[in-house]
Amino acid sequence: MTDSGLPNPQQPPNPHVDRIEDPMNEQDTHRPGDVASGEEFGTSAVRLDEGHIVGHGGIPEHFENPGLPPHTPRTSDLNEAAAKRAEKVVGALFGLSILGTIGFVVAYFGVDIRATAYVPGIGVMGLQHLLLGVCMGASLLGIGLGAVHWAKTLMPDAEVVEMRHEMRSTDEARAAVVQTLNEGAQSSQINRRPLIKYTLGGALGLFALPVVLPVLGGLGPMPQKSLSLTFWNGGPSGPGEEPTFKPMRLMRDPENTPIKASDVTIGSVFHVLPEGLLTLEHGVLEEKAKAAVLLMRLNPQDIKSQKELDWGYQGIVAYSKICTHVGCPVGLYEQGTHHLLCPCHQSTFDVTEDCKVIFGPAKRPLPQLKITVDAEGYLVSAQPFREPVGPSFWERG
Amino acid sequence: MNALAARRRHPAAIAILLLLGLILMGAAYAAIAPRPAQAAVVSADQVTEGKQLFQANCASCHGLNAEGRKTGTGDYVAGPSLAGVGAAAVEFQMGTGRMPMRSPNAQAPRSDVVKFPAEDITKIGAYIASLAPGPAVPTDEMVDPTKGDVAKGGELFRVNCAMCHNFAGAGGALTRGKYAPSLMGVDPDDMYLAMETGPQSMPVFNDDNLSPQSKRDIIAFLTATHDYEKPGGMALGSMGPVSEGLFAWIFGLGILVGCAIWLGQKAA
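Read top to bottom, the protein sequences are chains Y and D.
Quick note on the working numbering: the first sequence kicks off at 1 and runs consecutively.
Quick note on the working numbering: the second sequence kicks off at 398 and runs consecutively.
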């Protein structure tokens, strides 16, 4: 066999190939490089090994670097007329960009913002926005396309190899740098005067603190108990607040009116906030994000959990609307199946079984708010939530 | 006037004044109170005919006396009991082509083919309403979008409806094959009826939850949303990030890939 490893049809290239023609295939007399064939094309079923070139298994020691392919000049390199044409195209694209920019300014100042236009495939849309978009697109695309076309047709495209120079400096230069540093340390007397050395270190080290502190301070106050409390605990429940419990009426969101037990018919769903939340001076959204409650009435016979029945009122049950997964509002109540679906990640809670999770990524059931009625027949909370609402957090335990 | 002023201390004056006040209140209430439309037109004949129609067309699922039927497997219900759903539910379910249901399935879809003439639907509604009191069909004035407050309706819609029906009323998915249908171009009557009766998976929004005025506000908001001219042109189904993301992936990335191929090609 030859060193190049090229196939040699005359003789088996090496013993390895001979081994391929194993006794299992005795009638197979193919030689490397032969094209296997049947008796007549298409007359019989084709075997897997037919029509294939049998390899000899030889692999060269290493492949030669084939180098760059031969450079082929472009038409604009050879033909001055073609180059002139390319120049005109580039100029036209840059001109398009100029027109686009002018058009943008004209559309911005000259077109009424209420004017509309019909665009096929899109429909009726604002004329000014349409023109602004088209003109800005033309002005940006014109620059980009022009520059690329210029580079592709007229700028030199011959392949060149630029060798990287050595990274390491000469030994003399390296020694000179060390010497300069030593001389500097010597002349500044920093090694001889430790007081300066250590106070400078301290000053520079402490200087980093004012940079770091605002970043930590910008994270806001520590949450303290605010993640475990809600407005149902008796009032504002932000960091540092210690509300004391009082029964609160369940109010309709957004009307802020109290709800009578008789208003809640079977199959109804009410979106509820605690009394006084919507009239807060500030922090309404923060409180709403924790205190939102969904009020539903089921046929008491459908409720399987005794605790759910006890914490409700004649089949009226109130559950936190904040998903225990990542805190989306769980508002999709199906009155037929009594499923509560979270729109964000499809966690599904079964309201007949104390809102246990029956599908999706949520891990804990929705917390129930214990309710009762007051002397006037309005629904009120009987106690705050007995566990933190919403998703898990570090200190939740 | 003098004669009246002279008699203002007459012992009967207070009684007459009270009577006048009561009459005035009664007249004012009668003028503004929502009137159940079907109360006036229902006759005993209609109830009888309605019952015949019901037994011929609906009883196989809802039972001969509309008491509801189970399929026999687990708690699955062939058709729920219709006591107390009222004429409004019949009007909605049959008037939008949802009932009679095409096939037993997770959801009864809306259909443009309404299988019964309006008078038959009214008759069946009269029969169902005679079983137990239920919500009635609204009057034209109660569903007039021009009389509603669009901004208030938007607020109510976002709290009570948007989680299922999407912020623009484009509809959305529920669990296990059910879905909240799109509200685009739905008849105001049907919107009102759906809120009032809570068809299929939808909860009931009775008049104590959303007052008739609030319902009209929501109808006004939906009508305004539907008629609103979109400055951006294509709304991509008003479905938010899903359809917009798909559009950006297909067209935005497609154009970028095309640009990259063009950039990498050598000039001829």
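From the three backbone atoms N, C-alpha and C, an ideal C-beta is built for every residue, glycine too.
Just so you know, these numbers come straight off a predicted model, no measurement behind them.
Query, Result
"Through-space distance from Glu-353/Y to Lys-290/Y, alpha-carbon basis", "23 Å"
"Near-chain Y residues of the region 550 to 578 of chain D - C-beta to any C-beta below 9 Å", "Glu-552, Leu-553, Arg-555, Val-556, Asn-557, Ala-559, Met-560, Cys-561, Gly-569, Ala-570, Leu-571, Thr-572, Arg-573, Lys-575 and Ala-577"
"Residues of the region 623 to 653 of chain D whose Cβ lies closer than 9 Å to any Cβ of chain Y, in chain order", "Glu-626, Lys-627, Pro-628, Gly-629, Gly-630, Met-631 and Ala-632"
"C-beta atoms of Ser-237/Y and Leu-229/Y nearer than 8 Å", "yes"
"Cys-323/Y vs Ser-305/Y beta-carbon contact at 8 Å", "no"
"Whole-angstrom distance between His-459/D and Gly-465/D, CA atom to CA atom", "4 Å"
"Within chain Y, the residues that Pro-600/D reaches when beta carbons sit closer than 7 Å", "Gly-267, Ser-268, Val-269, Tyr-333 and Gln-335"
"Residues bridged to Ser-381/Y (per DSSP)", "Ile-371/Y"
"CA-to-CA distance, Lys-512/D to Gly-336/Y, given in whole angstroms", "25 Å"
"Any chain D beta carbon closer than 8 Å to Asp-263/Y", "yes"
"Coil, strand or helix - Gly-569/D by DSSP", "strand"
"Contact check, Pro-365/Y vs Val-357/Y, beta carbons under 8 Å", "yes"
"Residues of the region 343 to 356 of chain Y with Cβ closer than 7 Å to any Cβ of chain A, in chain order", "Absent here is chain A; the protein component of the structure consists of chains Y and D."
"Cutoff 8 Å: Val-317/Y Cβ touching any chain D Cβ", "no"
"Beta-carbon contacts of His-345/Y that lie in its chain and below 7 Å, excluding the five residues immediately before and after", "His-325, Gly-360 and Pro-361"
"Three-state class that DSSP yields for Asp-354/Y in the structure shown", "coil"
"Beta carbon of Val-330/Y nearer than 8 Å to that of Leu-295/Y", "no"
"Outcome for His-16/Y when other beta-carbon atoms lying within 10 angstroms are tallied against a minimum of 16", "Any reading at His-16/Y is ruled out, since the residue's pLDDT is 46, under 50, leaving its predicted position unreliable."
"Extent of the continuous beta strand (DSSP E) run through Pro-638/D", "Element bounds for Pro-638/D: not the beta strand (DSSP E) but the alpha helix (DSSP H), 638 to 644."
"C-alpha gap between Ile-616/D and Gly-551/D, whole angstroms", "9 Å"
"C-beta atoms of Lys-520/D and Gly-447/D nearer than 8 Å", "yes"
"Which listed residue (Tyr-319/Y, Glu-376/Y and Gly-133/Y) has its alpha carbon closest to that of Gln-383/Y", "Tyr-319/Y"
"Partner residues on chain Y for Cys-597/D, Cβ-Cβ distance less than 7 Å", "Note that residue 597/D is Gln in the sequence shown here, rather than Cys. Gly-336, listed in chain order."
"Straight-line Cα distance separating Val-124/Y from Met-592/D", "32 Å"
"is_contact[Ala-665/D, chain Y] using C-beta, thresh 8 Å", "yes"
"Chain-ordered residues of the region 209 to 224 of chain Y with a beta carbon less than 7 Å from chain D", "none"
"Element boundaries [alpha helix (DSSP H), containing Phe-554/D]", "547 to 557"
"Cβ-Cβ distance between His-149/Y and Leu-93/Y below 8 Å", "yes"
"Nearest-angstrom beta carbon gap, Ser-226/Y and Pro-239/Y [assumed within contact, 8 Å]", "5 Å"
"Any chain D beta carbon closer than 8 Å to Gln-27/Y", "Reliability fails at Gln-27/Y, whose pLDDT of 48 lies under 50, so the model's placement of it is uncertain and the value that follows must be treated cautiously. So, not an interface residue."
"Distance CB(Val-444/D)-CB(Ser-527/D) smaller than 8 Å", "yes"
"Asp-112/Y classed as buried or exposed, judged by whether at least 16 other C-beta atoms fall within 10 angstroms", "exposed"
"Near-chain D residues of the region 275 to 293 of chain Y (beta-carbon distance less than 8 Å), N- to C-terminal order", "none"
"Of the listed residues Met-248/Y, His-339/Y and Pro-254/Y, nearest to Gly-377/Y (C-alpha basis)", "Met-248/Y"
"Partners in chain D for Met-125/Y, counting only beta-carbon separations shorter than 9 Å", "Glu-626, Lys-627, Pro-628, Gly-629, Gly-630 and Met-631"
"Which of helix, strand or coil DSSP assigns to Ala-434/D", "Here the model assigns Ala-434/D a pLDDT of 48, short of 50, so the residue's position is not dependable, and the following value carries that caveat. Three-state DSSP puts Ala-434/D in coil, outside helix and strand."
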